[in-house]
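*Asks:*
Numbering (this note's numbering), first residue to last: 2 to 304.
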């Protein structure tokens with residue numbers, strides 16, 4: 002428990018540093034875009050390669066991919082049903098926030114610090130299914146309801162998914178493993194060195210984007226979004242934790258993954274589809290704060 006609380010404290014301190022660097026104008030919020038590109042295009046792919054380069058893909062790990070995908074579809078339909086009486090624009094914005102988790106940016110740094118490489122293996126497999134939901138289903142929902150007369154363009158969605166370097170890295174490293182190939186030791190060592198930057202950069206970025214200025218008019222919509230996300234996630238996570246006949250790390254993954262914050266991709270989606278960016282940003286920030294509290298409480302119960 003002491004090691005868990007220590008890691009959690011270190012994470013909070015790094016996030017706080019990012020927040021105060023922004024408040025002191027040492028780093029501006031727009032600088033976060035460059036840091037985000039470094040994380041998603043360099044450090045996170047390197048972490049994926051280093052973690053999965055010699056992984057033995059077991060049935061239970063494949064099941065995590067399936068669960069991440071199916072859960073995203075299920076909760077997306079719940080969101081569309083919950084917001085069925087809202088106007089088209091509102092329905093699209095709110096429903097877009099329901100599926101998808103921020104695993105690469107929020108989950109991986111904490112998982113790596115607490116469970117190490119073995120934990121990353123499980124959460125990474127769940128993230129494969131989650132990535133398809135985030136870059137596929139969430140994008141489709143946001144696009145379809147953004148305005149009248151929109152025709153779903155699956156070719157465009159597939160093209161967008163193909164530009165996701167983390168998702169393509171997952172797929173490539175799995176193909177390499179399944180074919181029985183091995184990466185050169187030099188390449189693995191280089192990715193190992195670069196991957197060490199992923200945790201501090203990700204936590205600093207969370208702090209840079211953290212904002213405590215909330216509009217009161219947003220509370221009703223955000224309350225529905227967070228209520229559905231965390232209510233469903235907690236219920237199914239607890240049921241899976243106690244009922245699934247699987248190893249402990251698998252159960253821990255399900256319990257923790259389902260209460261992670263909403264996917265960071267919703268922010269650029271809100272810009273692309275002309276939704277209320279301040280509302281989406283507020284919802285994303287509150288989900289980060291809520292996830293931190295829940296992870297600390299649940300984490301102390303697990304360790």
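Here a beta-carbon is modelled for each residue, glycine too, at the ideal position from N, C-alpha and C.
Please read all numbers here as calculations on a predicted model, not as lab measurements.
Flag this pair as touching only if the stretch 124 to 137 and the stretch 215 to 235 have three or more C-beta atom pairs under 8 Å; answer yes or no.
*Replies:* Taking one beta carbon from each stretch, the stretch 124 to 137 and the stretch 215 to 235 have fewer than 3 pairs nearer than 8 Å; the two do not touch.
*Asks:* What are the start and end residues of the alpha helix (DSSP H) that includes residue 155?
*Replies:* As a first step, residue 155 must be located in the chain shown, where it is residue number 154. 155 to 163 is the span of the alpha helix (DSSP H), which, as asked, contains residue 155.
*Asks:* Let me know the secondary structure DSSP gives residue 102 once reduced to three states.
*Replies:* As a position in the chain shown, residue 102 is number 101, starting the count at 1. Residue 102: strand per DSSP, three-state reduction.
*Asks:* Tell me which same chain residues have a C-beta within less than 8 Å of the C-beta of residue 276, skipping the five on either side of it?
*Replies:* Numbered from its first residue, the chain shown carries residue 276 at position 275. If we look at residue 276 and ignore the five residues flanking it on each side, its Cβ neighbours are 90, 93, 94, 97, 143, 147, 270.
*Asks:* Between which two residues does the alpha helix (DSSP H) containing residue 110 stretch?
*Replies:* Along the chain shown, one-based indexing puts residue 110 at 109. Where residue 110 is concerned, the enclosing alpha helix (DSSP H) stretches over 109 to 133.
*Asks:* Rounded to whole angstroms, what's the CA-CA distance from residue 227 to residue 178? Just pull it up for me.
*Replies:* Here residue 227 corresponds to residue number 226 of the chain shown, with the count starting at 1. Here residue 178 corresponds to residue number 177 of the chain shown, with the count starting at 1. The alpha-carbon atoms of residue 227 and residue 178 are separated by roughly 38 Å.
*Asks:* Tell me the start and end of each unbroken alpha helix (DSSP H) in the stretch 38 to 90 that is at least 4 residues and wholly inside, in chain order.
*Replies:* 45 to 53, 60 to 83
*Asks:* Closest to residue 14 by CA distance: which of 67, 205, 106, 104 is it?
*Replies:* As a working mapping, residue 14 is identified with position 13 in the chain shown. The residue with the shortest Cα to Cα distance from residue 14 is 205.
*Asks:* State whether the stretch 16 to 34 contacts the stretch 152 to 170, with contact taken as three or more CB pairs (one from each stretch) at a distance under 8 Å.
*Replies:* no
*Asks:* So, are the CB atoms of residue 265 and residue 48 less than 7 Å apart?
*Replies:* Along the chain shown, read from residue 1 onward, the residue named residue 265 stands at position 264. Along the chain shown, read from residue 1 onward, the residue named residue 48 stands at position 47. In terms of Cβ geometry, residue 265 and residue 48 do not form a close pair [threshold 7 Å].
*Asks:* At 4 residues or longer, and completely inside the stretch 225 to 258: list those alpha helix (DSSP H) runs for me, N to C.
*Replies:* 249 to 258
*Asks:* On the CB-based measure, 16 or more other CB atoms within 10 Å of its CB, does residue 263 come out buried or exposed?
*Replies:* Mapped onto the chain shown, residue 263 falls at position 262. It is buried - the Cβ of residue 263 has at least 16 other Cβ atoms within 10 Å.
*Asks:* Judging by CA-CA distance, which residue of 284, 62, 300, 201 is the nearest neighbour of residue 37?
*Replies:* Residue mapping note: residue 37 aligns to position 36 of the chain shown, counting from 1. Taking only the C-alpha atoms, the option nearest residue 37 is 201.
*Asks:* Could you check whether the Cβ of residue 235 sits closer than 6 Å to any heavy atom belonging to the ligand FMN?
*Replies:* Questions concerning the ligand FMN fall outside what the structure shown contains, since it holds no ligand whatsoever.
*Asks:* At 4 residues or longer, and completely inside the stretch 8 to 39: list those alpha helix (DSSP H) runs for me, N to C.
*Replies:* 32 to 39
*Asks:* How many Å lie between residue 207 and residue 300 at the Cα?
*Replies:* Taking the first residue of the chain shown as position 1, residue 207 is located at position 206. Taking the first residue of the chain shown as position 1, residue 300 is located at position 299. The straight-line gap from Cα to Cα measures roughly 20 Å.
*Asks:* Pull up the DSSP beta-bridge partners for residue 263, would you.
*Replies:* Counting from one through the chain shown, the residue named residue 263 turns up at place 262. DSSP lists 102 as partners of residue 263.
*Asks:* Cβ of residue 254 within 7 Å of Cβ of residue 124?
*Replies:* Within the chain shown, residue 254 is the residue found at index 253, counting from 1. Within the chain shown, residue 124 is the residue found at index 123, counting from 1. In this structure, residue 124 lies closer than 7 Å to residue 254 by Cβ.
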